[in-house]
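Student:
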Amino acid sequence: SSTQPKYNANKPLGPQINYTITGIDAGAGIMTSTDKALKVYGLADKNWQLQPSSTAAMTSTLKKAIADKRPIVVTGWTPHWMFTKFPLKFLKDPKNVYGKTEQIHTIVRKGLKQDDPQAYQVLDHFHWTPKEISSVMLAVNNGQDPANAAKDFVKKHAKQVAEWTKGVSHVSGHPKLTLTYIAWDSEIASTNVVATVLRQVGYKVTIRAMEPQPVWASVATKAADAQVSAWLPKTAAKLYADYKNQVVDLGVNMDGARVGLAVPKYMKNINSIEDLKK
Amino acid sequence: MQHKIESDAETKIEVRGLTKIFGKRINRAKEMLKNGKTKPEILKATGATVGVDRADFTIKTGEIFVIMGLSGSGKSTTLRMLNRLIEPTAGQVLIDGDDIAKMDKQSIRDIRRKKLSMVFQGFALLPNRTVLQNAAFGLEIQGMEKNLRESKADKALDLVGLNGFADQYPDQLSGGMQQRVGLARALANDAEILLMDEAFSALDPLNRRDMQDELLDLQEDMHKTIVFISHDLNEALRIGDHIMIMKDGEIVQIGTPEEILSQPADDYVEKFIEGVDRSQVYTAANVMIRANTVNIDKDGPRLAARRMRDNEISSLYVVNTQRKLVGILDADDVRAAIDAGKKDLKDIVKTDVPTTKMDTPLADLLDAVSTTSVPYAVIDDRDRLHGIIIRGAVLGALAGQEVNVNV
Amino acid sequence: MQHKIESDAETKIEVRGLTKIFGKRINRAKEMLKNGKTKPEILKATGATVGVDRADFTIKTGEIFVIMGLSGSGKSTTLRMLNRLIEPTAGQVLIDGDDIAKMDKQSIRDIRRKKLSMVFQGFALLPNRTVLQNAAFGLEIQGMEKNLRESKADKALDLVGLNGFADQYPDQLSGGMQQRVGLARALANDAEILLMDEAFSALDPLNRRDMQDELLDLQEDMHKTIVFISHDLNEALRIGDHIMIMKDGEIVQIGTPEEILSQPADDYVEKFIEGVDRSQVYTAANVMIRANTVNIDKDGPRLAARRMRDNEISSLYVVNTQRKLVGILDADDVRAAIDAGKKDLKDIVKTDVPTTKMDTPLADLLDAVSTTSVPYAVIDDRDRLHGIIIRGAVLGALAGQEVNVNV
Amino acid sequence: MFNLFMNIPTLPLAHWIDSFVAWLTQFSGFFGVLTNFIGSIVNAFQAVFDLIPIWLFIVLIMALTWYLKRDQKYRGLLIFELLGLLLIWNLGFWRDMTQTLTLVLTASLLAIVIGIPLGIWAAESKTVSAIVKPLMDFMQTMPAFVYLIPAVAFFGIGMVPGVVASVIFAMPPTVRMTQLGIDQVPADLNEAAIAFGATSWQQLIKVQLPFARGTIMAGINQSMMLALSMVVIASMIGAMGLGTKVYFAVGRNDAGGGFVAGLAIVILAIILDRITQSLNRTR
Amino acid sequence: MFNLFMNIPTLPLAHWIDSFVAWLTQFSGFFGVLTNFIGSIVNAFQAVFDLIPIWLFIVLIMALTWYLKRDQKYRGLLIFELLGLLLIWNLGFWRDMTQTLTLVLTASLLAIVIGIPLGIWAAESKTVSAIVKPLMDFMQTMPAFVYLIPAVAFFGIGMVPGVVASVIFAMPPTVRMTQLGIDQVPADLNEAAIAFGATSWQQLIKVQLPFARGTIMAGINQSMMLALSMVVIASMIGAMGLGTKVYFAVGRNDAGGGFVAGLAIVILAIILDRITQSLNRTR
Ligand SMILES: Nc1ncnc2c1ncn2[C@@H]1O[C@H](COP(=O)(O)OP(=O)(O)OP(=O)(O)O)[C@@H](O)[C@H]1O
Ligand SMILES: Nc1ncnc2c1ncn2[C@@H]1O[C@H](COP(=O)(O)OP(=O)(O)OP(=O)(O)O)[C@@H](O)[C@H]1O
Ligand SMILES: [Mg+2]
Ligand SMILES: [Mg+2]
């Protein structure tokens, strides 16, 4: 708690944080990876443990620790506002437990291609970069309504959007389309942008934020038509394995996502997972 | 104990071997009862309480049947078994010849709606209903239409003297008023049989007398059968056609008020009736003594004189051949008539004799008897002389001495 | 209405101008009361119910003060204001001279614990406590140690005839038994004042008489002050030192039983006491008439003979100079004595005169009077002759004719 | 014996359950009907709320409150309602509020319609009670998360599975309190009903329910509160409303924003609470 | 007027709240004490549960049940307890179960210790009642997610904030039912107590609480159920136990596994429910 002392670079880290890595949702892919990392790097034998909590609890703990300049090790990923808001760095992962990078895939329901070929095409074409997504995320983080931020983005990047909608004709009769997404800020951004584009094409798009499992389940059971928030190969590995036969994977819509262990930048002596053992 | 069961066309309720045992080890308790163990013994041995022990009795149509007894003697239990509010452990209750224990749900419900109305010892009013709605409850259950049932309930409230309180809630009423609401609820129902458990216990004397009169009217005009539990001996004696006295779950005596008063079955009953006000129960017929008479159509002064001498009395009543009272003879007048050689009594009969009817309660006679020194003549509806009332006999009756029964 | 307020050292409870109005528009109702409106008028106009209307009365230490009246006349309300269970709208209640309305919480609590015990009209037993625990409730509140209070409660249960039921729960008891638990709870408390709201209403005659005797004993031995609400006139007359009769929240009359019976304040009271059994109330002193006497120490046969002639009687009572009863004189004997020239009455006095004490209840005399033709002589503790009892006067008294009061 | 027991392999319960869920999918027709049924209630409520102008909505709520509390103190509550609803409007949560209201009213309605009869039944039959009690424990403590995911297969996403989850979680208090209330009816009142020939139904309607009213209303009130407490979880499978706002804010680690959306829920809760409680007090 | 109102800018409520939370951090000493206090209760429970061998635990639970239900039917429950606990053991959830039990017992204990006096107070004073009722609404409907996150700043991660959140969510039924139960005590019983000179305290202890017992126990029972229903949410801020298992399984999209862990919670719920309910029935 708050009575803990500030980070002391001269002492071993373990005792300072009670050998605890602050994690997120127990079932998340990053947690599985971290469990593995504890073993691979021999941390488990040295009493290191992974504390499951939730994204919100983790970021809250992180915020508090940083405010007090206390030491902390968290499970981190990007794109996420924690990396824009806090001075964080990923720890090096020489044994490559977390994989080099993550990619975000677009997943649609089976039969979408037949039922809504225009939408299918837009979704299939949708592809952007971490830099682009960050601009939307930042706007939202600064208090702008996600839908408006997406509209702004679409307006400003007309060329790119034209690429996504190349060969797509306007549909009539306002066919309904449902997108589901995980309420992470990156996904809020991407889903809103895609929704805006699809609306321009003539669809009546509903977007629904929810937990990862229902996001996948909804596309698999055709309760929803698509999602653009599938982090692979690590984060959503289990869900992908469960549902891959019931959905259509349209491939990557963004490259360069990353997951791993992260610490505040002021923890100068800690740069690699190996350093935790010191 | 065996009691006579009168079975005739007029029987309304017949109870045979009715038994109720409360508690757990009922079979054991029943066994012990059969072996003649007492209620306290059984309570001690089994923890089961004997409520009622093999009761037999019969209630006739149109009578008021009063149940009395020590508190805890099983009166309420008996009453509640009559409409099967309490399931009997053993025995039968026949209403109009039908065994209610054997009835299906629908039939017993019909009987409860149409034949049986009940006044509860603890009132049992619904707290969230107004007085009027409480009074209309029984009718509502019967499915009667709102206006009709409320007007009926209103009449019943009038009857019990609660007009003006129709819109209050039970907790705004005094104890006696609450009891009268319960009474109104039962009366509104217009059932053939009224089961009343200490229905007047919280009433003041005036309301109580009014209610008693009401019951008597109901019985007379509408031929209702009323089973009434009371702790007030005077009340029981005043309104009861028969009185049943219970003790420890058993019936000790059943009889008319006069029978109970004049022939108590045992010491218990005797003690029970000790404080009773007999003047309210006894009638002229109960205390009259035989009058010495002469027949004006046949007898002359000489016979009258001899009869006076024989009985050491100074006056003699005169009747005609139909035993109709004619008047009274004075010893002096008779002597004078003999001296004058008259053969006839007609001239010497004094006709200003104070009279009273057979069924006049003693209470109503006291005043007159105390101020008039001549004995009252007791006559029936056809003016026939049945006896005379002397002060000593009145006082004797009030003191509990034996009186004439079934006259 | 104004009632005399006796204020002396013996006063236990004094009530002045005590008023209770239930409902909402109380000030308006109070206004209307002052302007002499009646309870029904006020109810109609304001919806407020007048419970008690400016009651003044005084209760002395060691007396049994009975409150009677129609149901809803404000008896319970009055009683409940005595221990401030109901907050009076106006007026004062002084207990031992202290105004309880002005007391702080602690003092009123102390008074309730030590001075006031209450029996509730609706029993108010705690359903989740056994009979014993219920009876010990008041003592428990006082903080008495468990063994002690349970043994006291046990004694109280004995007193009310409920030994053996100590471990049962209230809902396993009959109505009368429940009432007796409430009684035991109040008695166990050993308070100076007992407030009893229809405390015997559910009791059978035998238990009732026992309980009445119990109260009388308590009053006599322990000098308890008892305020008792009853609907039973005979009970009220039997145990009450004073009786207060209420109607519509007002006090109609306060007086001793005899005063109430012989001088009812108005038609209402008269109707109220109509059905009463006077033989339980009146004593020999109430019905005796003046005896014609001669003084054996001074008077001779001639004076006796003249007195008999003057009063048209055939016998004469003989007393001595201390008015002590010596015997009775027969007219024949007096005549014989005069003929024999005797100067003294001593030889002709018959000493086998039937006597009775002044305070013998009429009920106990009835039997004797009805069988003995000689009038009974009424004597006091020192054998002085106060009067004689003739049958006519007895019957007259029972019939409600006026009697001697305060003899 | 215990050692012996330890050698028993772990029961393949999880597997059985998966098979059971798979087996259930064949009843998709039934679930479709149910989904449509609940969906139409939701739509009806939402349509009404969307139709009524905001000012009229506020006026109606206040009028209802005044009517229900007319013999009691109501000024404080009226002021609270006015300010509370205006605040929700001002914060831009109006539509979210009506969506949440729709969710809660639908769930409460279903909880009452199913729960009260069930409670009555349980009060009357020991067997039913023996079954209903553990069932209620199950419904209240089986975490919603567990059945929400499979529920997507049966009820899709959005309001309907939110309603289903809320009903499951919120119904038990109504059932339990109904049973308790009826159990507490004094014996003599029941006897009075029986003695006058009441059918079980009449006894229930005319004696037991009126007497138990306070307790039952407490149960309904609890059910409503629990339904409201479910809105965030419901939002995790796509039920829109204030829950979504909270969910978003929490995801952004925006404590203030979450609290404000939560406050809107609380305002709604207090208004609903007060209205249901004043339903109770008129005798 | 309403148009005018629309022009008022959105109130910066969220900002105020953030400032308030920031301001609260200066009381970290106080929160530290509270954390230690709750933590020590948790540790005590957990130490006991860790000490008792499994078989003894099962025997003790069954013995307790038998003792409490000795005049009633108990065989069914005993068999259920035996099988249920053995199942939990068999599934490998024993330690998780005791952790959850620790969480629930601590939370219930605090809910009872705070809730009953509060309910009593509310029953006695209209003012208190007017404050407590909306507070309870607040506690039940303000989503735990909202205050859990800032709570981390005060209570850290782990059991303690889990207990705090559970207490907040689970306490209202105890408070409400206590108040209801005391309100329902018949007037004449209260009068009897007063007439015999009872202090308010005696009246409470000797008359009101015994009479209201059934209703209060129903409230406590509800509180326990609600505490159990919070275990998954508690696991989101690091409280260990069955909730974590559920959370973990759900995260892995393992419906069957989640259900099995949920079932263990339900078994615990049923056992706790039955034991508290039989506490009630002995008169
Ligand atoms: N709580 C109350 N609210 C409103 N009115 C009441 C209340 N209690 C009593 N009253 C009214 O006050 C009057 C007097 O009632 P009280 O109980 O004193 O009568 P009582 O003389 O004791 O009658 P009873 O012999 O029937 O017990 C009645 O008219 C009654 O309706
Ligand atoms: N529900 C019950 N459980 C156990 N025992 C009972 C129950 N009801 C009555 N009893 C017992 O049965 C016996 C008879 O009770 P009942 O109520 O019939 O008496 P009662 O004659 O009506 O007395 P009272 O004049 O006092 O009303 C009593 O000993 C009582 O303790
Ligand atoms: Mg009885
Ligand atoms: Mg009274």
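Chains as they are written, first to last, in this note's numbering: chain G, 168 to 445; chain R, 105 to 511; chain S, 105 to 511; chain H, 111 to 393; chain P, 111 to 393. Glycine included, each C-beta is placed from N, C-alpha and C at the ideal position. Small disclaimer: the values here were computed from a predicted structure and weren't measured.
#1: Could you round the C-beta distance between M350(H) and Y357(H) to whole angstroms and report it? I think they count as a contact, below 8 Å.
#2: Interface residues of chain R around V317(H) at Cβ under 7 Å?
#3: Count the other C-beta atoms from every protein chain shown that fall within 10 angstroms of the C-beta of G121(S), then say buried if there are 16 or more, exposed otherwise.
#4: Determine the DSSP secondary structure at A193(G), reduced to helix, strand or coil.
#5: Starting from the beta carbon of Q312(P), find every residue of chain S whose beta carbon is closer than 7 Å, and list them in chain order.
#6: Are the C-beta atoms of S169(G) and some chain H residue less than 9 Å apart?
#7: List the residues of chain H that Q380(G) touches, going by C-beta distances under 7 Å, in chain order.
#8: Mapping DSSP to helix, strand and coil, what is H337(G)?
#9: Whose CA, out of G190(G), D283(G) and D442(G), lies closest to the CA of W244(G)?
#10: Can you find a CB in chain R that lies within less than 9 Å of the CB of R323(H)?
#11: Which term fits S474(S), buried or exposed, when burial requires 16 or more other beta carbons within 10 angstroms of its beta carbon?
#12: Does T562(R) pass the burial test, meaning 16 or more other C-beta atoms within 10 Å, or should it be called exposed?
#13: Does the beta carbon of S126(G) come closer than 9 Å to any beta carbon on chain H?
#14: Please name the residue, chosen from G149(P), R323(P) and M287(P), that lies closest to L228(P) on a Cα-to-Cα basis.
#15: Quick check: the Cα distance between L389(P) and L178(P), rounded to an integer number of angstroms?
#16: Thinking C-beta only, is F126(S) closer than 9 Å to Q512(R)?
#17: Along the chain, where does the alpha helix (DSSP H) that runs through S353(G) open and close?
#18: So that I know if they touch, is there some Cβ in chain S lying closer than 9 Å to that of A389(R)?
#19: Using 9 Å as the limit for Cβ to Cβ distance, is D298(P) near chain H?
#20: Given that D314(R) touches chain S, what residues does it touch there, using C-beta distances under 7 Å?
#21: Is any beta-carbon of chain H found at less than 9 Å from that of D112(R)?
#22: Give, in chain order, every residue of the stretch 393–422 of chain G whose Cβ lies closer than 7 Å to some Cβ of chain P.
#23: Could you tell me how far apart the beta carbons of K446(S) and D487(S) are, in whole angstroms, since I believe they sit closer than 8 Å?
#24: Is the beta carbon of Y372(R) less than 9 Å from the beta carbon of K402(R)?
#25: Is the stretch 304–314 of chain P close to the stretch 176–193 of chain G, with three or more CB pairs under 8 Å?
#26: For P368(R), which of helix, strand or coil comes out of DSSP?
#27: Using only the heavy atoms of ligand 3, determine whether one of them is closer than 8 Å to the beta carbon of T275(S).
#28: What in chain G is Cβ-close to Y357(P), meaning under 9 Å?
#29: Using only CA atoms, which one of E318(S), G359(S) and H346(S) lies nearest to V331(S)?
#30: In angstroms, rounded to a whole number, what distance separates the CA positions of A302(P) and A228(S)?
#31: Whose Cβ in chain R lies nearer than 9 Å to the Cβ of A217(H)?
#32: Tell me the DSSP secondary structure of S477(R) in three-state form.
#33: When the distance is taken between beta carbons, is L290(G) closer than 9 Å to L428(G)?
#34: Residues of chain H with CB closer than 9 Å to the CB of W351(G), please, in chain order.
#35: What residues from chain P crowd round A224(G), counting only those whose CB sits closer than 8 Å?
Tutor: Looking at the coordinates:
#1: Locating residue 350(H) in the fourth sequence gives position 240, where the first residue counts as 1. Locating residue 357(H) in the fourth sequence gives position 247, where the first residue counts as 1. About 10 Å separates the two Cβ atoms, so there is no contact after all.
#2: Residue 317(H) sits at position 207 when you count from the first residue of the fourth sequence. Chain-order list of chain R residues neighbouring V317(H): L230, by C-beta distance under 7 Å.
#3: Numbered from its first residue, the third sequence carries residue 121(S) at position 17. Per the 10 Å Cβ criterion, exposed.
#4: On the first sequence, residue 193(G) is found 26 positions in, with the first residue counted as 1. Note: A193(G) maps to coil in three-state DSSP.
#5: Locating residue 312(P) in the fifth sequence gives position 202, counting from the first residue. Residues of chain S passing the Cβ test: I245.
#6: The residue labelled residue 169(G) in the question sits at position 2 within the first sequence. Interpretation of S169(G) is limited by its pLDDT of 42, a score under 50 that renders its predicted location unreliable; the figure taken from the coordinates is listed afterwards. For S169(G), the nearest beta carbon of chain H is not closer than 9 Å to its own beta carbon.
#7: Within the first sequence, residue 380(G) is the residue found at index 213, counting from 1. The contacting residues are I259.
#8: As a position in the first sequence, residue 337(G) is number 170, starting the count at 1. Looking at H337(G) - three-state DSSP - the assignment turns out to be coil, as it is neither helix nor strand.
#9: For this step, residue 244(G) is matched to residue 77 along the first sequence. Checked all of G190(G), D283(G) and D442(G); the closest Cα to W244(G) is G190(G).
#10: The residue labelled residue 323(H) in the question sits at position 213 within the fourth sequence. Yes, because at least one Cβ of chain R sits closer than 9 Å to the Cβ of R323(H).
#11: Your numbering for residue 474(S) matches position 370 in the third sequence. S474(S) counts as buried, since at least 16 other C-beta atoms from the protein chains shown sit within 10 angstroms of its C-beta.
#12: Only positions 105 to 511 of chain R appear in the structure, and residue 562(R) is not among them; the question remains open.
#13: In the structure displayed, chain G extends from 168 to 445; residue 126(G) sits before or after that span and is not available.
#14: Your numbering for residue 228(P) matches position 118 in the fifth sequence. Sorting G149(P), R323(P) and M287(P) by C-alpha distance to the C-alpha of L228(P) places M287(P) at the top.
#15: Within the fifth sequence, numbered from 1, the residue matching residue 389(P) stands at position 279. Within the fifth sequence, numbered from 1, the residue matching residue 178(P) stands at position 68. Going by the C-alpha atoms only, they are around 6 Å apart.
#16: Residue 512(R) is absent from the model: chain R starts at 105 and stops at 511.
#17: Taking the first residue of the first sequence as position 1, residue 353(G) is located at position 186. Note, S353(G): alpha helix (DSSP H), D352 to V368.
#18: Here residue 389(R) refers to the residue found at position 285 when the second sequence is read from its first residue. Judged by the 9 Å Cβ criterion, A389(R) is not in contact with chain S.
#19: For the purposes of this step, residue 298(P) is taken as residue 188 along the fifth sequence, with counting starting at 1. No - not a single Cβ of chain H is within 9 Å of the one on D298(P).
#20: Here residue 314(R) is taken as the residue at index 210 of the second sequence, counted from 1. Near D314(R) there are no residues of chain S at all, since even the closest Cβ is about 11 Å away, more than 7 Å.
#21: Here residue 112(R) refers to the residue found at position 8 when the second sequence is read from its first residue. Per-residue confidence for D112(R) stands at a pLDDT of 49, beneath the threshold of 50, marking its modelled position as unreliable; no derived number is given.
#22: Using a CB distance below 7 Å, the part of the stretch 393–422 of chain G facing chain P consists of K405, L406 and D409, ordered along the chain.
#23: Locating residue 446(S) in the third sequence gives position 342, counting from the first residue. Locating residue 487(S) in the third sequence gives position 383, counting from the first residue. The Cβ separation is near 25 Å, so there is no contact.
#24: By one-based count along the second sequence, residue 372(R) stands at place 268. By one-based count along the second sequence, residue 402(R) stands at place 298. No, the pair does not count as a contact, with Cβ atoms beyond the cut-off.
#25: The stretch 304–314 of chain P, when compared against the stretch 176–193 of chain G, does not touch it at the 8 Å Cβ threshold.
#26: Position 264 of the second sequence, counted from the first residue, corresponds to residue 368(R). Secondary structure at P368(R): coil, using DSSP grouped into helix, strand and coil.
#27: Your numbering for residue 275(S) matches position 171 in the third sequence. The displayed chain sequence assigns Asp, not Thr, to residue 275(S). Flag unset: Cβ of D275(S) not near ligand 3.
#28: Reading the fifth sequence from its first residue, position 247 is the one you call residue 357(P). Here the neighbours are D192, A193, G194, P219 and S221.
#29: Reading the third sequence from its first residue, position 227 is the one you call residue 331(S). Scanning E318(S), G359(S) and H346(S) for the CA closest to the CA of V331(S) turns up H346(S).
#30: For the purposes of this step, residue 302(P) is taken as residue 192 along the fifth sequence, with counting starting at 1. For the purposes of this step, residue 228(S) is taken as residue 124 along the third sequence, with counting starting at 1. Taking the straight line from one Cα to the other gives about 6 Å.
#31: Within the fourth sequence, the letter at position 107 stands for residue 217(H). Within chain R, no residue has its beta carbon less than 9 Å from that of A217(H); the closest one is some 29 Å off.
#32: For the purposes of this step, residue 477(R) is taken as the residue at position 373 of the second sequence. The answer is coil: DSSP assigns S477(R) none of H, G, I, E or B.
#33: Position 261 of the first sequence, counted from the first residue, corresponds to residue 428(G). Position 123 of the first sequence, counted from the first residue, corresponds to residue 290(G). In this structure, L290(G) does not lie closer than 9 Å to L428(G) by Cβ.
#34: As a working mapping, residue 351(G) is identified with position 184 in the first sequence. The answer, in chain order, is G361.
#35: Locating residue 224(G) in the first sequence gives position 57, counting from the first residue. Chain P residues near A224(G): L258, I259, V262, I267, M346, I347 and G348.
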